[in-house]
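**Q**
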Amino acid sequence: MTTQEFIHKYREEDVRKLALQGARFPQVDLPYALDQIAGWQTARKKIPSWTAIEGMIYPPRLSMEQCSSEQMARYKAALVQRLLKGDKGGNMADLTGGFGVDFSFLSPLFDEAVYVEQQEHLCKIAQENINRLGLGQSEVVHDDGVAYLHRMGQADLIYLDPARRDAHGARTYDITDCTPNLLEIKEELLQKARWVVVKLSPMLDWHKAVNDLQKVTEVHVVSVGNECKELLLVMEGNGHEHPDERPLTIYCVNDEQVFTCSMDEMNEGVRIAERIEQGMFLYEPNASMMKVGCFGACATRYEVQAIARNSHLFVSDTLIEQFPGRIFRIMAVSAMNKRELKTVLQDIKKANVAVRNFPLKADELRKRLKLADGGDIYLFGTTTEEDRHLVLVTKMVV
1474 MTTQEFIHKY REEDVRKLAL QGARFPQVDL PYALDQIAGW QTARKKIPSW TAIEGMIYPP
1534 RLSMEQCSSE QMARYKAALV QRLLKGDKGG NMADLTGGFG VDFSFLSPLF DEAVYVEQQE
1594 HLCKIAQENI NRLGLGQSEV VHDDGVAYLH RMGQADLIYL DPARRDAHGA RTYDITDCTP
1654 NLLEIKEELL QKARWVVVKL SPMLDWHKAV NDLQKVTEVH VVSVGNECKE LLLVMEGNGH
1714 EHPDERPLTI YCVNDEQVFT CSMDEMNEGV RIAERIEQGM FLYEPNASMM KVGCFGACAT
1774 RYEVQAIARN SHLFVSDTLI EQFPGRIFRI MAVSAMNKRE LKTVLQDIKK ANVAVRNFPL
1834 KADELRKRLK LADGGDIYLF GTTTEEDRHL VLVTKMVV
């Protein structure tokens, strides 16, 4: 049996079990085959369109973990297409090519596209996959991204996904700790590109990044299934007539939900709810909204009132289905005293418990209330503007 036959035959099997059976297949390059099987299994969920193409090559586990998902790559492609105003761009360069998922979705938007990567084995993988994907306008360059930047000409787009691990493999979050250091090459990036798009960790302080880089025109916080996945910064290069006049726009994205606002709107104050009662609707902003902190803009746009300035939960008397987050109906409201809690929880044995601006952690509150986890009841421990601790018993609407 050849290595390729082995990969195809066993690609749905448990990789750990296959690793113990190497003696049965002396003609198979087992380490390579196991990487391909594990990569294909990951790609089924992460990059599904690639798994339908026979012969795609997958890198070792770390590169598969770090690469973008297809959903994220398609989002970036739509973002860039909007920047190009729907036209096809002349040329682009991805200075941190990696496994090449983002590059494969961005490059079709341009007549010429250059993938740059300093790890030779990733370049070889990228070249093979680019051929299989039919991206004939693409060129693979084995080089350091910053060195290539120094000698490259003008581009419509430069894309970067700086490495966010130090020499010991630990994660880093500040842009000055990433490789390459964006602050050191910022001016050259802006001189050579109409647009610069940077992918960063969602854990990074985006306010600081915007202040450090200065010419950021768009901030995108992108979540999937209410989990923050990526922070994207868009910088407008010197090829534009008035690059300093474009106001900063914030994009909060969770699956199909997109909320945009300006910095001025972000700083708007929130109206505090005068009452929190049974029958009202409770709103919990999605993960991207929470990360960005655009609570004033959200409250104004959707005409909801905050339980408190620091609780980040909102209420209304009527249902607002378009709200970017989860929506619940308040079934009961209780103060943190035993009598009230016993009354509202008398028929409840299990619940999903969350806290917002509350003195107890979720697990501590669940333990105190003697509830199992799960079910269709959602309890929120929170604090009002008057510093009253409440437990809200709710059921999800949306």
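In the numbering used here, the protein residues as written are 1474 to 1871.
Built from N, CA and C at the ideal position, the CB exists for glycine as well.
As the structure is a prediction and not an experimental result, all values here were calculated from the model.
1. Look at residue 1534 and residue 1512 and say whether their C-beta atoms are less than 9 angstroms apart.
2. From 1773, 1553, 1573, 1740, pick the residue whose C-alpha is nearest to that of residue 1543; which is it?
3. Report the start-end ranges of each beta strand (DSSP E) in the segment 1719-1794 that is 3 residues or longer and not cut off at the edges.
4. Tell me the start and end of each unbroken alpha helix (DSSP H) in the segment 1533-1613 that is at least 4 residues and wholly inside, in chain order.
5. Between residue 1474 and the rest of its own chain, which residues show a CB-CB distance below 7 angstroms, the 5 nearest in sequence each way excluded?
6. Could you pull out every residue in the same chain whose Cβ sits closer than 6 angstroms to the Cβ of residue 1641, ignoring the five residues on either side in sequence?
7. Output the boundary residues of the beta strand (DSSP E) element that contains residue 1846.
8. Closer than 8 angstroms to a non-hydrogen atom of the ligand ATP - does that hold for the CB of residue 1581?
9. Should residue 1530 and residue 1509 be called a contact, given that it needs their Cβ atoms to be closer than 9 angstroms?
10. Report back the beta-carbon spacing between residue 1617 and residue 1591 to the nearest angstrom; my notes put them in contact at under 8 angstroms.
11. Would residue 1633 be called buried (16 or more neighbouring beta carbons within 10 Å of its own) or exposed?
12. Suppose the cutoff is 6 angstroms on Cβ atoms and the five residues either side in sequence are ignored; what does the same chain contact list for residue 1764 look like?
13. Considering just the uninterrupted stretch of the beta strand (DSSP E) at residue 1834, what are its terminal residues?
14. Whose CA, out of 1845, 1834, 1814, 1804, lies closest to the CA of residue 1824?
15. Just to confirm my understanding: we take residue 1636, look at its own chain, exclude 5 residues before and 5 after, and list those with CB closer than 6 angstroms. What are they?
16. From 1850, 1797, 1835, 1756, pick the residue whose C-alpha is nearest to that of residue 1821; which is it?
17. Checking 9 angstroms against the spacing of the C-beta atoms, do residue 1817 and residue 1866 come in under that value?
18. Per DSSP, residue 1691 is paired with what?
19. On the criterion of 16 or more Cβ atoms from any shown chain inside 10 Å, does residue 1555 qualify as buried, or is it exposed?
20. Buried or exposed: which applies to residue 1807, given that a residue is buried once 16 or more other Cβ atoms fall within 10 Å of its Cβ?
21. Quick check on DSSP: helix, strand or coil for residue 1637?
22. Are there three or more Cβ pairs, one per stretch, closer than 8 angstroms when the segment 1738-1758 is compared with the segment 1670-1690?
23. Between residue 1630 and residue 1668, how many whole angstroms is the CB-CB distance? I'm expecting something under 8 angstroms.
24. Distance check for residue 1577 and residue 1625, CA to CA, integer angstroms please.
25. First and last residue of the beta strand (DSSP E) that includes residue 1493?
26. How big is the Cα-Cα spacing for residue 1778 and residue 1756?
27. Could you tell me which residues DSSP pairs with residue 1632 in its beta bridges?
28. Just to confirm before moving on: does the CB-CB distance between residue 1783 and residue 1760 stay below 9 angstroms?
29. Mind checking residue 1868: buried by the 16 CB within 10 Å criterion, or exposed?
30. Looking only at its chain, what residues have a beta carbon closer than 6 angstroms to the beta carbon of residue 1720, apart from the 5 residues adjacent to it on each side?
31. My assumption, with CB atoms under 8 angstroms, is that residue 1706 sits in contact with residue 1671. Please give the rounded CB distance.
32. Compare the Cα-Cα distances from residue 1589 to each of 1600, 1742, 1657, 1583 and report the closest residue.
**A** From the atom records:
1. yes
2. 1573
3. Here the runs fully enclosed are 1722-1727, 1730-1735, 1754-1758, 1787-1789.
4. 1534-1539, 1543-1556, 1574-1579, 1593-1606
5. Excluding sequence neighbours, residue 1474 sits near 1498, 1500, 1501.
6. Summary for residue 1641: the model assigns pLDDT 49, below 50, so the residue's position carries little reliability, and this model does not support an answer.
7. Per DSSP, the continuous beta strand (DSSP E) segment holding residue 1846 begins and ends at 1845-1856.
8. Among the components of this structure there are no ligands whatsoever, and the ligand ATP is therefore not found.
9. yes
10. 5 angstroms
11. buried
12. Only 1694, 1701 meet the Cβ criterion.
13. Where residue 1834 is concerned, there is no enclosing beta strand (DSSP E), given that its DSSP letter is neither H nor E.
14. 1845
15. Result list for residue 1636: 1652, in chain order.
16. 1850
17. yes
18. 1707, 1722
19. exposed
20. buried
21. coil
22. Inter-segment contact for the segment 1738-1758 and the segment 1670-1690 is absent: fewer than three beta-carbon pairs are separated by less than 8 angstroms.
23. Confirmed, Cβ separation roughly 5 angstroms.
24. Their backbone Cα atoms lie some 20 angstroms apart in a straight line.
25. Residue 1493 -> no beta strand (DSSP E), and no H or E assigned at all.
26. 10 angstroms
27. 1567, 1670
28. no
29. exposed
30. 1735
31. 5 angstroms
32. 1600
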